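K.L.:
Okay, here's the structure, questions in a sec.
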Amino acid sequence: VELGIRPEHLTVNADGDGSWESKVFVVEKLGSGTYLYLEKEGEPLVVETEGDSNVKVGDIVKVGFDASRCHLFDSSKQAFK
10 VELGIRPEHL TVNADGDGSW ESKVFVVEKL GSGTYLYLEK EGEPLVVETE GDSNVKVGDI
70 VKVGFDASRC HLFDSSKQAF K
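Structural data, given as structure tokens:
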């Protein structure tokens, strides 16, 4: 089973049991939003933040998410309903 969540549904500076710390490797400013490229247990992860984010490469950020925004996929990449 794999967990999927969209970059805009992840939050930076999150608190709670499901949050974790991650190092920022790339910051991509796109005007209305900024993409932060992180790593979680060796896997790449992208977080979309506000366009005027002050996060810099090398920063350690606390990432979290709302479980209701997650999707679960089986081994054939089909979503559970």
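Per this note's numbering, the sequence shown runs over residues 10 to 90. In this text, a Cβ means the ideal position worked out from N, Cα and C, and glycines have one as well. Quantities reported herein were computed from a predicted structural model and do not represent experimental measurements.
Quick check: the Cα distance between C79 and V55, rounded to an integer number of angstroms?
P.N.:
For the purposes of this step, residue 79 is taken as residue 70 along the sequence shown, with counting starting at 1. For the purposes of this step, residue 55 is taken as residue 46 along the sequence shown, with counting starting at 1. Rounded to whole angstroms, C79 to V55 spans 14 Å at the Cα level.
K.L.:
Is the beta carbon of L47 less than 8 Å from the beta carbon of V72?
P.N.:
In the sequence shown, counting from the first residue as 1, residue 47 sits at position 38. In the sequence shown, counting from the first residue as 1, residue 72 sits at position 63. Going by C-beta atoms, L47 is nearer than 8 Å to V72.
K.L.:
Please state whether the Cβ-Cβ distance between D83 and F74 is less than 8 Å.
P.N.:
As a working note, residue 83 is residue 74 in the sequence shown. As a working note, residue 74 is residue 65 in the sequence shown. No, Cβ-Cβ distance for D83 and F74 is not below 8 Å.
K.L.:
Name the DSSP beta bridge partners of S31, please?
P.N.:
Indexing the sequence shown from 1 puts residue 31 at position 22. S31 is bridged to V70.
K.L.:
As a quick exercise: from L12, H18 and I14, pick the residue whose alpha carbon is nearest that of T58.
P.N.:
Position 49 of the sequence shown holds residue 58. Measuring from the Cα of T58, the nearest candidate turns out to be H18.
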